[in-house]
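According to my numbering, the sequence shown is numbered sequentially starting from 146. The structure under discussion appears below in the form of structure tokens.
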Amino acid sequence: MATVCKLRYFRLPLLVSRTLCTSENSGRKSNVPSFDSREVASILKKITGRNLNKIFSARKQEVGVPSYKLMTDAEFMKAQEEVERKAEHLLEMPPVMEERQEIHEVLEQNDELACYSESRYVFTDISTSVCDRIMFQQNQHEDVLDLACVQFEPDSADYIR
């Protein structure tokens with residue numbers, strides 16, 4: 146059985162370091178925005194509305210076999226309520242955390258790699274077994290909110306901005 150690995154290339158510097166924050170420090174000291182409160186979230190939901198066609202719009206995925214179900218009116222109403230509950234869950238505000246501090250830590254300094262190859266790239270396994278905090282991964286999604294939620298951690302300066 147074959148295993149599938151996703152590979153992404155990065156430029157290979159002399160020093161291998163770990164930096165988790167990508168933007169400059171904005172000078173704020175533990176000011177979490179107030180839009181994480183329940184009152185503000187309910188106001189935002191009222192303003193934006195709940196368009197089920199937009200919430201459950203087609204995402205780029207494999208094309209599967211459609212499924213059709215025959216239902217009574219009671220079963221249809223129950224299924225409609227379930228869809229409303231799922232839509233409510235999808236419309237919840239993402240978590241907001243304090244901005245994390247930058248880490249400037251040299252993980253390894255290997256002088257043997259300095260003139261090893263003419264190539265300036267290194268290939269790294271970014272399969273799903275490693276979480277996004279460890280692996281620097283840029284996912285490409287359909288809209289900006291999906292991009293922000295997937296690309297940035299909730300305590301990232303770019304996410305909070």
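Glycine included, every Cβ here is placed at the ideal spot set by N, Cα and C.
Secondary structure of E250 (DSSP, three-state): strand. Per the Cβ contact rule, the region 180 to 189 is in contact with the region 232 to 241 (3 or more Cβ pairs under 8 Å).
Contact check for A302 against E244 passes: the beta carbons are separated by less than 8 Å.
Take F201, set aside five residues on each side of it, and no residue of its chain has a beta-carbon closer than 6 Å to its own. If you draw a straight line from the Cα of R230 to the Cα of M222, it is about 12 Å long.
Contiguous alpha helix (DSSP H) elements confined to the region 180 to 214 occur at 183 to 193, 197 to 200, taking only those with 4 or more residues. For R195, same chain residues with a beta-carbon under 7 Å away, outside a window of 5 residues either side, are A232, L236 in chain order. Rounded to the nearest whole angstrom, the C-alpha separation of A224 and M216 is 9 Å.
Straight-line measurement puts the Cα of E263 at about 57 Å from the Cα of Y213. Per DSSP, the continuous alpha helix (DSSP H) segment holding L235 begins and ends at 218 to 235.
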